[in-house]
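Participant:
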Amino acid sequence: MSKEKITTEKPRVHWVMQGKGGVGKSRVAATLLEFLTERNSGNALGLDTDPNNRSLSDIKNLDVVFLNIMPDSDTVDIAKFDDLLMFMMQNERAKGKDLVIDVGATTYQPLYSYLIKNDVFNLLSDFEHFVHIPIAIGAEAEADCLLQLDSMLNAFGDTPTYAVWENQFFTTKADHDIETLEAYQKNKEKIFAVIKMTKRDILFESALEKMTKNKQIFADVNMDPEYNILEKSRLQKIKQDYWNMLDIVIPTQSSKKEAK
Numbered sequence: 005m006s007k008e009k010i011t012t013e014k015p016r017v018h019w020v021m022q023g024k025g026g027v028g029k030s031r032v033a034a035t036l037l038e039f040l041t042e043r044n045s046g047n048a049l050g051l052d053t054d055p056n057n058r059s060l061s062d063i064k065n066l067d068v069v070f071l072n073i074m075p076d077s078d079t080v081d082i083a084k085f086d087d088l089l090m091f092m093m094q095n096e097r098a099k100g101k102d103l104v105i106d107v108g109a110t111t112y113q114p115l116y117s118y119l120i121k122n123d124v125f126n127l128l129s130d131f132e133h134f135v136h137i138p139i140a141i142g143a144e145a146e147a148d149c150l151l152q153l154d155s156m157l158n159a160f161g162d163t164p165t166y167a168v169w170e171n172q173f174f175t176t177k178a179d180h181d182i183e184t185l186e187a188y189q190k191n192k193e194k195i196f197a198v199i200k201m202t203k204r205d206i207l208f209e210s211a212l213e214k215m216t217k218n219k220q221i222f223a224d225v226n227m228d229p230e231y232n233i234l235e236k237s238r239l240q241k242i243k244q245d246y247w248n249m250l251d252i253v254i255p256t257q258s259s260k261k262e263a264k
């Protein structure tokens, strides 16, 4: 699933990026932020830059700052990206924390250009940069997702660490996964990890959809009487699958303690 775990002591910035909407990007950002919050004793912060879908900042029990980069509700103000970087570097709320940046489909292209033109990944060398790229396997958007993958891998260079989140929700073929696709094979040496968002049966998917609709995280469910014991069990299994994969890929305070 991944190469050797990164063990840098630098603070980490996790950019969750995909130019296509509706492919699971906000679910990736929420899962990643909850994992980092739990594993790092709360030392994680989300930055929501999606002006049209505040899925991350709407979640009740995650620490998230909404950064409005479309103040006139029509046009992205690229100067606001400077504010984003300055927040990351100087704001006390961000200091010493893992940062998860949810990049909306609306803001993807201008931010993509900004990151390249300003050489951001090399400029912010005090951070370890992860780029998390959701790919909706089997969806109509699959081809576009793969084009974005190829584009980011070539444009951003070797400085970031790349993780692909393979969203299997849309596929109907058991043997259709990202490792079989030409776009992955061509770039597999650049991709650090593939995290599988496994397609599950309708009862598991229904429980996850309920949690998402309620703007909750996995940690909320056990104490919520709205969920029956079977729903809680299903969500716990989904969570554990994600945590098992992420523990391999991302070093955290918990993993460092266990290694001692």
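Here my numbering is used: the first residue of the sequence shown is 5, the next is one more, and so on. Every residue gets a Cβ at the ideal spot worked out from N, C-alpha and C, and that includes glycine. Everything numeric in this text was worked out from a predicted model, so none of it was measured.
#1: On the CB-based measure, 16 or more other CB atoms within 10 Å of its CB, does asparagine 95 come out buried or exposed?
#2: With tyrosine 166 as the anchor, note down where its beta strand (DSSP E) starts and where it stops.
#3: Would you mind stating whether leucine 60 and alanine 98 have Cβ atoms separated by less than 7 Å?
#4: Buried or exposed: lysine 101, going by 16 or more other Cβ atoms within 10 Å of its Cβ?
#5: Around the Cβ of lysine 274, are there at least 16 other Cβ atoms within 10 angstroms (buried) or fewer (exposed)?
#6: What is the DSSP secondary structure of phenylalanine 174, counted as helix, strand or coil?
#7: Does aspartate 228 come out as helix, strand or coil in the three-state DSSP assignment?
#8: DSSP three-state label for valine 124, please.
#9: Just mark alanine 167 as buried or exposed, buried being the case when its beta carbon has 16 or more other beta carbons within 10 Å.
#10: Cα-Cα, which of Lys241, His133 and Glu144 is closest to methionine 21?
#11: I'd like the list of long-range same chain contacts for proline 138, defined as Cβ closer than 6 Å, with 5 residues on each side in sequence excluded.
#12: Please confirm whether glycine 46 and leucine 37 have their CB atoms less than 7 Å apart.
#13: Go to isoleucine 206, then tell me how far its alpha helix (DSSP H) extends in each direction, as first and last residue.
#14: With a CB to CB cut of under 7 Å and the five nearest residues on each side skipped, what residues in its chain are close to alanine 263?
#15: Let's see if you can read the secondary structure: which residues bound the alpha helix (DSSP H) around glutamate 38?
#16: May I have the straight-line CA-CA distance separating phenylalanine 39 from aspartate 67, to the nearest angstrom?
#17: Mapping the DSSP letters down to three states, classify methionine 201 as helix, strand or coil.
#18: So proline 24 and aspartate 148 are supposed to be a Cβ contact under 8 Å. How far apart are they, rounded?
#19: Beta-carbon within less than 6 Å of threonine 175's beta-carbon, same chain only, minus the 5 sequence neighbours each way: which residues are those?
#20: Considering only their Cβ atoms, is the gap separating threonine 163 from asparagine 126 smaller than 7 Å?
Facilitator: This is what the structure holds:
#1: Here residue 95 corresponds to residue number 91 of the sequence shown, with the count starting at 1. Exposed, because fewer than 16 other Cβ atoms sit within 10 Å of the Cβ of asparagine 95.
#2: Here residue 166 refers to the residue found at position 162 of the sequence shown. Residues 165-171.
#3: Position 56 of the sequence shown, counted from the start, is the residue given in the question as residue 60. Position 94 of the sequence shown, counted from the start, is the residue given in the question as residue 98. Cβ distance not < 7 Å, so leucine 60 and alanine 98 don't count as in contact.
#4: Taking the sequence shown and counting its residues from 1, one reaches residue 101 at position 97. Result: buried.
#5: As displayed, the chain neither begins before 5 nor continues past 264, which places residue 274 out of reach and without an answer.
#6: To locate residue 174, count along the sequence shown from 1; it is residue 170. In this structure, phenylalanine 174 counts as coil in the three-state DSSP scheme.
#7: By 1-based counting over the sequence shown, the position of residue 228 is 224. Reduced to three states, the DSSP call for aspartate 228 is coil.
#8: Here residue 124 corresponds to residue number 120 of the sequence shown, with the count starting at 1. Helix at valine 124.
#9: The residue given as residue 167 occupies position 163 in the sequence shown. Classification for alanine 167: buried.
#10: Taking the sequence shown and counting its residues from 1, the one referred to as residue 21 is at position 17. From the listed residues Lys241, His133 and Glu144, the smallest Cα separation to methionine 21 is found for His133.
#11: On the sequence shown, position 134 is the one that residue 138 refers to. Contacts found: Gln22, Val27, Gly28, Lys29, Val32, Trp169 and Asn171.
#12: Looking up residue 46 in the sequence shown gives position 42. Looking up residue 37 in the sequence shown gives position 33. Not closer than 7 Å, so no.
#13: Position 202 of the sequence shown, counting from 1, holds the residue named residue 206. Segment 206-217, the alpha helix (DSSP H) holding isoleucine 206.
#14: As a position in the sequence shown, residue 263 is number 259, starting the count at 1. A caution first: alanine 263 carries a pLDDT of 46, below 50, which makes its placement in the model too unreliable to give a value.
#15: Taking the sequence shown and counting its residues from 1, the one referred to as residue 38 is at position 34. Note, glutamate 38: alpha helix (DSSP H), 29-43.
#16: Residue mapping note: residue 39 aligns to position 35 of the sequence shown, counting from 1. Residue mapping note: residue 67 aligns to position 63 of the sequence shown, counting from 1. Approximately 12 Å, taken between the alpha carbons.
#17: One-based indexing of the sequence shown puts residue 201 at position 197. Strand at methionine 201.
#18: The residue you call residue 24 lines up with position 20 of the sequence shown. The residue you call residue 148 lines up with position 144 of the sequence shown. Looking at the sequence provided, one finds lysine at residue 24 rather than proline. Between aspartate 148 and lysine 24 the Cβ distance is about 5 Å, and since that is below 8 Å, they are a contact.
#19: Within the sequence shown, numbered from 1, the residue matching residue 175 stands at position 171. Hits under 6 Å: Ile141 and Gly142.
#20: One-based indexing of the sequence shown puts residue 126 at position 122. One-based indexing of the sequence shown puts residue 163 at position 159. Taking 7 Å as the Cβ cut-off, asparagine 126 and threonine 163 qualify as a contacting pair.
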